[in-house]
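Position in the sequence shown counted from 1, then plus 9, gives you the numbering used here.
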Amino acid sequence: MTPVLELNAVRKSFGAVVVADDQSWSLDQGEALGVIGPNGAGKTSMFNLVTGTLKPNGGSIRFMGQDITAWSAARRCRAGIARSFQVPQPFRGMTIYENTYVAATQGAGLSGAEAEEVCLDVLGRTGLLPKANVLAGGLTLLDRKRLELARAMCAKPRVLLLDEIAGGLTENECHALIDLINGLRSTGISIVWIEHVVHALLAVVDRLIVIDFGARIAEGDPHEIMNSRAVREIYLGIEADA
Ligand SMILES: Nc1ncnc2c1ncn2[C@@H]1O[C@H](COP(=O)(O)OP(=O)(O)OP(=O)(O)O)[C@@H](O)[C@H]1O
Ligand SMILES: [Mg+2]
């Protein structure tokens, strides 16, 4: 089976800061991949490279078997790569509904009743329907994060990239989010989820990768990786030969 998404030796640096150090990994249809790593490791930059807002210094990115390395961000989104932003970026002067409508029309290329239907469905599933007519500029951070997820869903992705969406949720909200993401997967959507809320991640992902200084330093079964020496070294500062 051709992977939905494939990174081949992708490299990117900002001066001396290496955010992608020969990154190679792939994602299958319907698979959920978790990504962890310390602050500044290059996780969000990896999403910027996949969505096309950052151009790599080397390597290539393939989507559905096609080389998309030279494609614009807009073309990648229309083809089916959508993301949420770690720092929410709504159109502040538009309502929640209007924000999702932009995603459905510009991101997914829908129009009219079909776009409306998708927006209302997604707003219902993300719990935002009661606030559909509220201006995005005045929302709490949590609601802006919900809107990030809603907008990404309205773009009708094949690959959904989620950047830290579980922080700050109550336990019930976190369970609802896990159910929502697992529901998306069951429709065949592939997911890459960067998340510091590890228990939420472990409830969803099939595979976990660990990024440090732009390099993939570990990959495999989520529970095994969480208990691995590499992760303990990074998060708990345990020495390799301790
Ligand atoms: N456009 C840019 N220009 C210069 N440096 C950048 C740029 N974007 C990111 N960086 C730097 O690259 C490094 C990786 O940033 P990135 O946002 O990808 O990290 P991250 O793993 O998502 O971290 P966090 O867990 O804090 O979200 C950081 O040192 C950051 O300051
Ligand atoms: Mg980040």
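Cβ atoms here follow ideal geometry from the backbone N, Cα and C, with glycine treated the same way.
Looking at the DSSP output, Asp76 bridges to Arg71. Within the stretch 82–152, the runs of alpha helix (DSSP H) that reach at least 4 residues and sit entirely inside it are, in chain order, 82–88, 105–111 and 121–134.
Each of Val168, Gly61, Thr149 and Ala83 was checked against the Cα of Ser195, and the nearest Cα belongs to Val168. For Val168, the beta-bridge partners assigned by DSSP are Ile90 and Ser199. For Glu233, the enclosing alpha helix (DSSP H) starts and ends at Pro231 to Met235. Not one heavy atom of ligand 2 falls within 7 angstroms of the beta-carbon of Thr62.
A heavy atom of ligand 2 is found nearer than 7 angstroms to the CB of Lys52. If you draw a straight line from the Cα of Ser33 to the Cα of Asn142, it comes to about 42 angstroms. Counting along the chain, no beta strand (DSSP E) covers Leu63, and no H or E run does either. According to the DSSP assignment, Leu211 belongs to the alpha helix (DSSP H) that extends over Val207 to Leu211. Scanning Gln98, Leu132 and Ala91 for the CA closest to the CA of Gly118 turns up Ala91.
For Val26, the shortest separation between its Cβ and any heavy atom of ligand 1 lies below 7 angstroms.
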